[in-house]
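> The structure that follows is given in the form of structure tokens.
In this note's numbering, the protein residues as written are 1 to 298.
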């Protein structure tokens with residue numbers, strides 16, 4: 001369990017590094033950084049699948065596509081939804097919206113809880129109801145104070161549940177879903193480079209960033225590797241609880257390295273949303289401790 005906790009935290013740290021990474025690739029555009037990330041990370045993810053001996057899951061996915069060709073449409077939709085999220089992940093920190101995006105990741109556990117209740121008839125616990133109420137109040141205050149709610153926050157908080165529900169509907173959870181999403185995005189990025197880049201421009205980018213571009217893919221693959229191993233080693237409750245580490249790190253990157261700050265008009269609304277996340281984390285901690293205690297008794 002200790003190994004799983006360490007790997008999960010290290011994966012979150014690497015994702016935090018990736019949040020700052022676009023700054024290191026200035027003056028490349030958001031699309032260029034996105035394409036380089038996919039072009040360098042997909043081969044590394046394939047190697048990861050081979051090392052983990054998970055190719056049978058990929059083979060099964062190809063069999064399903066051959067049997068049900070319409071599945072391709074669903075897989076393309078899943079890839080498109082992930083593309084939107086990955087683009088925001090790159091765009092936000094280099095355009096002064098890192099905190100707004102990180103707030104979306106803070107809200108994500110709450111929107112996932114609400115989605116579970118609305119679409120899968122999952123019942124909310126007492127603490128979950130309190131957390132949802134606090135978050136709703138925070139969002140309401142934000143809208144009243146500013147006249148709007150940051151679009152990047154909304155797209156992350158509402159878009160990811162749609163993405164995860166799409167994957168659940170398509171039954172492509174785990175490594176097969178990750179391979180499928182990255183494969184189609186990889187093909188799209190490849191075509192983008194072929195149509196819009198000359199060999200001289202590609203070589204210029206590589207020679208200008210000889211370390212940062214290759215490391216972009218390597219860091220992504222290592223982060224996913226740690227994430228997958230941690231998910232296998234840890235109880236689901238503890239694994240979900242550790243998921244709160246990443247948005248905390250993204251906020252720290254935004255404040256410390258990107259020099260963003262929470263303005264006075266956002267303090268109350270952001271505070272309520274962060275408090276709601278703390279309530280969910282408290283519930284998760286109670287669940288994990290009870291599970292550990294039951295396991296010791298047995």
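Glycine included, C-beta positions come from ideal geometry on N, C-alpha and C.
Is residue 262 helix, strand or coil when you go by DSSP?
Correct three-state label for residue 262: coil.
> Which residue comes first and which comes last in the alpha helix (DSSP H) that contains residue 245?
Here the alpha helix (DSSP H) through residue 245 covers 245–252.
> Return the chain-ordered ranges of every alpha helix (DSSP H) run that is complete within the segment 60–112 and spans a minimum of 4 residues.
Listed in chain order, the complete alpha helix (DSSP H) runs (minimum 4 residues) inside the segment 60–112 are 71–94.
> Does the CB of residue 221 have a neighbour CB from chain B at under 8 angstroms?
Checking the listed chains, one finds no chain B in this structure; it contains a single protein chain.
> Residue range of the alpha helix (DSSP H) that residue 26 falls in?
Note, residue 26: premise wrong, no alpha helix (DSSP H); not H, not E.
> Let's test the definition: count the other Cβ atoms within 10 Å of the Cβ of residue 276 and tell me whether it reaches 16, buried, or not, exposed.
Label assigned to residue 276: buried.
> Do the segment 48–57 and the segment 141–160 meet, that is, are 3 or more Cβ pairs less than 8 angstroms apart?
Contact fails: fewer than three Cβ-Cβ distances are below 8 angstroms.
> Does the distance from the CB of residue 170 to the CB of residue 70 come in under 8 angstroms?
Contact: no.
> Label residue 285 either buried or exposed according to how many other C-beta atoms from any shown protein chain fall within 10 Å of its C-beta, with 16 as the threshold for buried.
Exposed: under 16 other Cβ atoms inside 10 Å.
> Helix, strand or coil for residue 283, going by three-state DSSP, please let me know.
In this structure, residue 283 counts as helix in the three-state DSSP scheme.
> Could you tell me the boundaries of the alpha helix (DSSP H) in which residue 213 lies?
Run containing residue 213: 212–233, per the alpha helix (DSSP H) assignment.
> Excluding the 5 residues flanking residue 113 on each side, which residues of the same chain have their C-beta closer than 6 angstroms to its C-beta?
Cβ within range, chain order: 128.
> Would you kindly work out how many angstroms separate the C-alpha atoms of residue 143 and residue 136, rounded to a whole number?
Answer to the nearest angstrom: the Cα atoms are 11 angstroms apart.
> Do residue 11 and residue 226 come within 8 angstroms of each other at the CB atom, strictly closer than that value?
Against a cut-off of 8 angstroms, the Cβ pair of residue 11 and residue 226 comes out as a contact.
> Who are the near neighbours of residue 246 in its chain, counting only those whose CB is closer than 6 angstroms to its CB and skipping five residues on each side?
Within the same chain, residue 246 has close Cβ partners 12 and 15.
> I'd like to know if the segment 81–100 and the segment 190–208 are in contact, where contact means that at least 3 CB-CB pairs between them fall below 8 angstroms.
The segment 81–100 vs the segment 190–208: no contact.
> Compare the beta carbon distance of residue 233 and residue 3 with 8 angstroms and say whether it is the shorter of the two.
Yes.
> Looking only at its own chain, which residues have a Cβ that is under 8 angstroms from the Cβ of residue 123, when we skip the five neighbours before and after it?
For residue 123, where only same-chain residues beyond five positions count, the Cβ hits under 8 angstroms are 117.
> Can you look up residue 197 in the DSSP assignment and give me helix, strand or coil?
Coil.
> Can you tell me the Cβ-Cβ gap for residue 301 and residue 44, rounded? I've got them flagged as a contact below 8 angstroms.
In the structure as shown, the chain starts at 1 and stops at 298, and residue 301 therefore has no counterpart that could be examined.
> Tell me where the alpha helix (DSSP H) around residue 124 begins and ends.
Run containing residue 124: none; DSSP gives neither H nor E here.
> Look at the alpha carbon of residue 8 and the alpha carbon of residue 288, and state the distance between them as a whole number of angstroms.
In a straight line, the C-alpha of residue 8 is about 16 angstroms away from that of residue 288.
> In chain order, what residues of the same chain lie with their CB nearer than 6 angstroms to the CB of residue 279, ignoring the 5 residues before and after it?
Excluding positions up to five away in sequence, the list reads 127, 130 and 131.
> Taking the alpha carbon of residue 205 as the reference point, which residue from 270, 36 and 72 has its own alpha carbon closest?
Answer by Cα proximity: 36.
> Kindly list the residues whose CB is nearer than 7 angstroms to the CB of residue 81, restricted to its own chain and excluding five residues on each side of it in sequence; keep chain order.
Cβ neighbours of residue 81 beyond the five flanking positions: 159, 162, 163 and 166.
> Please check the pair residue 175 and residue 49, which I expect to be a contact at CB under 8 angstroms, by giving their CB distance rounded to whole angstroms.
Yes, they are in contact, since the Cβ atoms of residue 175 and residue 49 sit about 6 angstroms apart, within 8 angstroms.
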